[in-house]
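Novice:
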DNA sequence: CTCCTGTAGATTGGATCCAATCTACAATAA
DNA sequence: TTATTGTAGATTGGATCCAATCTACAGGAG
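Protein chains in written order, with our numbering: chain A, 2 to 233; chain B, 2 to 233.
#1: Using the Cβ count rule (16 or more neighbours within 10 Å means buried), how would you classify residue 184 of chain B?
#2: Answer with buried or exposed for residue 20 of chain A, where buried requires no fewer than 16 other C-beta atoms within 10 angstroms of its C-beta.
#3: Just list the beta strand (DSSP E) runs in the region 77–157 of chain A, keeping only unbroken ones of 3 residues or longer that don't cross its boundaries, in chain order.
#4: Using a Cβ-Cβ distance under 9 Å, would residue 158 of chain B count as near chain A?
#5: Under three-state DSSP, which class holds residue 32 of chain B?
#6: Is the region 185–205 of chain A touching the region 73–90 of chain A, taking contact as three or more C-beta pairs under 8 Å?
#7: Determine contact between the region 117–125 of chain A and the region 59–68 of chain A, defined as no fewer than three beta-carbon pairs at a distance below 8 Å.
#8: Kindly confirm or deny that the region 23–32 of chain B and the region 49–61 of chain B touch, where touching means at least three C-beta pairs closer than 8 Å.
#9: Have a look at residue 194 of chain A and residue 69 of chain A and give me their C-alpha separation to the nearest angstrom.
#10: Under 9 Å between the Cβ atoms of residue 95 of chain B and residue 99 of chain A?
#11: Would you say residue 102 of chain B lies against chain A (beta-carbon separation less than 9 Å)?
#12: Does the Cβ-Cβ distance between residue 176 of chain B and residue 220 of chain B come in under 9 Å?
#13: Which class does residue 72 of chain B belong to by DSSP, given the choice of helix, strand or coil?
#14: What does residue 155 of chain A reach in chain B if we use C-beta pairs closer than 8 Å?
#15: At a Cβ threshold of 9 Å, is residue 67 of chain B touching chain A?
#16: Identify the continuous alpha helix (DSSP H) that holds residue 195 of chain B and give its terminal residues.
#17: Give a yes or no on whether 9 Å exceeds the smallest Cβ distance from residue 49 of chain B to chain A.
#18: Pull up the distance between the alpha-carbon of residue 33 of chain B and that of residue 174 of chain B, whole angstroms please.
#19: Under a CB-based cut-off of 9 Å, is residue 75 of chain A close to chain B?
#20: To the nearest angstrom, report how far apart residue 214 of chain A and residue 190 of chain A are at their CA atoms.
#21: Name, in chain order, the residues that DSSP records as bridge partners for residue 42 of chain A.
#22: In this structure, does DSSP put residue 58 of chain A in helix, strand or coil?
#23: Taking only beta-carbon positions, decide if residue 228 of chain B is within less than 9 Å of chain A.
#24: Just to confirm the assignment, what range does the alpha helix (DSSP H) spanning residue 206 of chain B have?
#25: List, in chain order, every chain B residue whose beta-carbon is nearer than 9 Å to that of residue 88 of chain A.
#26: Can you tell me whether residue 18 of chain A is helix, strand or coil according to DSSP?
#27: Rounded to the nearest angstrom, what separates residue 111 of chain B and residue 207 of chain B at their Cα positions?
#28: Strictly below 8 Å CB to CB, what residues from chain A border residue 59 of chain B?
#29: What does the alpha-carbon distance come out to for the pair residue 45 of chain A and residue 29 of chain A?
#30: Residues of chain A with CB closer than 9 Å to the CB of residue 98 of chain B, please, in chain order.
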């Protein structure tokens with residue numbers, strides 16, 4: 002070390018606590034559908050599974066609760082939440098509104114490097130399509146979208162969007178394999194990237210809105226039929 | 002009991018756990034400015050203050066972290082977050098976008114009873130103005146706004162807005178007493194309610210947007226001068 | 001037979017205890 | 001003098017233990 006003792010960290014490693022790690026893993030399992038709507042998450046079972054005590058599990062569950070994936074009732078424990086179809090539709094409306102806003106702000110600031118990175122992510126995403134790897138699909142899909150928005154510098158909006166995406170992904174994954182909207186989404190992503198590269202703000206935003214609302218329509222109609230026409 | 006044993010609860014009492022209660026109290030103390038930006042929230046001190054163990058305190062801190070009021074670093078504890086001025090501005094932009102959306106949806110469904118309730122809340126709000134009761138101001142201000150939006154039935158949007166409002170309230174309270182924008186806000190709230198009663202959707206929405214952006218402008222300019230022109 | 005009541009097992013909530021880590025300061029060497 | 005190193009106190013992270021509450025089922029009264 003040639004510099005002073007109190008120097009800014011030049012390399013930072015991700016040091017996440019046990020609760021965070023657990024929350025991540027549990028979130029993934031909920032998103033994968035391993036834990037279904039209404040399932041009870043028993044603290045002791047989870048603790049034994051991961052070979053930890055119940056304490057970090059409880060904190061992890063609180064984190065999931067904050068993310069809206071579970072609800073905790075006093076002396077009754079945590080259960081996986083179920084979102085009504087109309088609220089899922091609302092979540093997509095929110096995505097449309099917020100994502101269009103950040104995209105419009107981002108495009109003027111997008112660098113060629115960033116666009117190249119987006120292209121890379123899209124390539125990975127298309128690979129995961131073909132492999133029917135739904136798990137990595139969710140992550141890559143958000144990575145692709147967010148890579149286009151990052152240049153907006155709207156950190157608060159991005160934080161909100163990340164939370165919303167977790168919720169929508171949950172339902173997208175469950176029904177993605179059943180439908181054949183994969184190719185559709187693939188085409189739409191490519192066209193969206195093309196419009197961003199061309200810096201066509203208006204068209205890109207309009208296209209993004211159509212893309213999101215399209216996904217919404219497909220999913221919600223699917224949900225409403227599978228859950229039964231009459232609202233439970 | 003004339004009905005079956007497994008009957009729907011007709012009266013429900015608020016049964017909140019200790020962590021929730023603690024989180025509520027701590028949140029209020031942060032919003033009041035008792036805990037300032039950068040302050041460390043030491044688990045043991047808080048536990049002793051409330052005469053509980055550190056365990057519920059930790060869960061409460063996790064909840065606050067999820068709400069964005071504190072950040073927890075491994076083995077370093079929780080510190081109150083500081084939001085840069087440009088991100089506060091962004092939060093107001095988000096409020097404008099989302100609140101205008103729900104207001105437009107709500108107005109057609111607003112009942113006379115709901116409007117009467119809004120009027121009551123506004124009366125209380127104006128009282129708290131005159132008493133310089135900044136603490137209850139924050140709560141009542143959100144209650145007034147949300148009372149106008151509730152009829153929209155957009156629960157997800159409302160949840161987001163509640164979280165955003167907590168963040169903005171924090172900074173509004175700190176600088177509200179210093180400025181004389183109180184009368185201004187009072188007039189704006191009355192006019193907003195009047196437009197809702199008249200079911201003037203377009204005008205109400207436009208007025209609301211102006212109201213929010215007005216608050217934003219006042220606050221952000223205030224913040225930027227008090228924090229120093231050069232970004233820290 | 002039905003409904004109420006009480007009790008046992010399961011599960012969560014909270015407290016206490018120990019280990020790991022951080023921070024600050026003192027001691028030492030260049 | 002200055003920078004490094006070592007150590008003590010403080011603080012957080014995690015585990016274990018006990019109390020409070022819930023759930024399910026068995027037993028008894030009507």
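For each residue, glycine too, the CB sits at the ideal point set by N, CA and C.
Fair warning: this is a prediction, and the values are worked out from it, not measured in the lab.
Specialist: So, from the data block:
#1: exposed
#2: buried
#3: 78–81
#4: yes
#5: helix
#6: no
#7: no
#8: yes
#9: 31 Å
#10: yes
#11: yes
#12: yes
#13: strand
#14: 91
#15: yes
#16: 183–198
#17: no
#18: 7 Å
#19: yes
#20: 14 Å
#21: A:79
#22: helix
#23: no
#24: 202–227
#25: 155, 156 and 157
#26: coil
#27: 18 Å
#28: 60
#29: 19 Å
#30: 98, 99 and 102
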